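Student: Provided herewith is a single structure, encoded as C-alpha cells, for subsequent inquiry.
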C-alpha cells in the first residue's frame with residue numbers, strides 16, 4: 027500500500043504559514059492496457075476486370091460508384107464480329123456433320139458388301155478410314171463453334187461478385203486489347219483494415235481480439251476483429267503487419283482509421299483522484315510517502 031500526502035489548499039511553496047496536509051490511503055490496482063494505432067480501411071476483395079477478347083467498347087451499363095449484383099452486365103464490346111464468327115462456325119459444323127453421316131453410311135454399306143464377298147477387305151478399310159477422318163473433322167468443327175460461342179460470351183464483362191464499381195478505365199468507342207484492365211470492382215460486404223505495429227505491441231495482440239475503429243472522416247465508430255498477425259517485420263519500418271475484418275460500415279473506403287485494442291495484459295498502478303494533484307507553472311505534482 028502507498029500513503030499519499032495531499033495539500034489541502036494550493037499555496038506557494040515559499041509560504042511562511044504551515045501547509046495543511048491530508049493523508050490518503052491508496053491501493054494498487056490492475057487496469058486493461060489500451061493499444062492505439064492507425065490502419066487503412068479497404069474492401070476485402072477487389073478485382074481488376076478485363077475482356078478476354080479484343081474489340082471496341084459498345085455499351086457501359088454500369089457507372090462509376092454504382093452497386094452491382096453477381097452476374098450483372100458491366101461492359102460490352104461490339105458483338106457483330108463475334109456473331110458472324112459464330113454463324114460461320116455453325117455452318118462449318120453442319121457441313122462436317124453431313125460429311126460424317128455420309129462416310130458412316132458408306133462404311134456400313136461396305137461392311138455388308140464385304141460379308142457378301144462382293145467387296146475386298148482393303149475397300150472396307152478405306153471406307154473405315156474415311157469415316158474416322160470425317161468424324162475428326164466434325165469434332166474439330168464442333169470445338170471451333172464452342173470457341174466462337176465463348177468469344178461471344180467474352181465480349182461482355184459481368185460482375186463476379188456483388189460490389190461497387192470503384193474505377194472505369196475505358197470509354198464507349200475505345201478499342202481494347204484482350205487482358206487490358208477495363209474496370210475495378212470492390213466488394214462492399216466486408217472491409218479489411220491493415221496496420222503495422224511495433225514488436226512490443228505485437229506481443230500483446232492475438233487473433234480474435236476486438237478493436238474499436240474510428241474512421242478519419244468522422245463517421246460513427248464500429249468494431250473489427252483481428253484475423254491475421256504477421257510474424258515477419260517490414261525491412262524498412264521494422265514493424266509487423268496485422269489485419270482486421272469487419273462488416274462494411276458504409277461510406278468511402280481507402281481512408282485512415284484509428285484503432286483501439288484492449289490488450290489482455292493488465293497495467294499495474296494506482297489511481298489518483300483529481301483533488302490529489304496540485305499545479306504550478308503548468309505542471310502537476312503531488313507528495314507520495316512509500
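Numbering (the numbering used here), first residue to last: 27 to 316.
Using N, Cα and C, we set each Cβ at its ideal position, and we do this for glycine too.
Owing to the predicted nature of the structure, the values given are computational and were not obtained by experimental measurement.
Closer than 6 Å by C-beta to residue 357: which residues in its own chain qualify, once you throw out the five before and the five after it? Chain order, please.
Tutor: It is not possible to answer for residue 357, since the shown part of the chain is limited to 27 through 316.
Student: Since I believe residue 83 is in contact with residue 101 (beta carbons under 8 Å), could you give me their beta-carbon distance rounded to a whole number of angstroms?
Tutor: About 6 Å; that satisfies the 8 Å criterion.
Student: Near residue 92, what residues of its chain come up, given a Cβ to Cβ distance below 6 Å and the 5 sequence neighbours on each side ignored?
Tutor: Only 191 meet the Cβ criterion.
Student: Whole angstroms are fine: how far does the CA of residue 286 sit from the CA of residue 250?
Tutor: If I take the Cα positions, the gap works out to 10 Å.
Student: Does DSSP classify residue 203 as helix, strand or coil?
Tutor: Looking at residue 203 - three-state DSSP - the assignment turns out to be coil, as it is neither helix nor strand.
Student: State the CB to CB distance for the pair residue 80 and residue 204, rounded to an integer number of angstroms; the pair is presumed to be in contact (CB under 8 Å).
Tutor: About 5 Å separates the two Cβ atoms, so the contact holds.
Student: Return the CA-CA distance between residue 150 and residue 166, expressed in angstroms with no decimal places.
Tutor: If I take the Cα positions, the gap works out to 25 Å.
Student: Considering only C-alpha positions, which residue in the set 152, 156, 282 is nearest to residue 240?
Tutor: Closest option to residue 240, Cα to Cα, is 282.
Student: Mapping DSSP to helix, strand and coil, what is residue 36?
Tutor: Annotation note: pLDDT 44 at residue 36 (below 50); position unreliable, coordinate value reported separately. Residue 36: coil per DSSP, three-state reduction.
Student: Could you check the C-alpha separation between residue 63 and residue 236 for me, to the nearest Å?
Tutor: Rounded to the nearest angstrom, the two C-alpha atoms are 14 Å apart.
Student: When you compare only the Cα positions, how much space is there between residue 284 and residue 246?
Tutor: One C-alpha to the other measures close to 12 Å.
Student: For residue 39, is the classification buried or exposed, using 16 other Cβ atoms within 10 angstroms of its Cβ as the cut-off for buried?
Tutor: Note on residue 39: pLDDT 47, under 50, position unreliable in the model; no value is reported.
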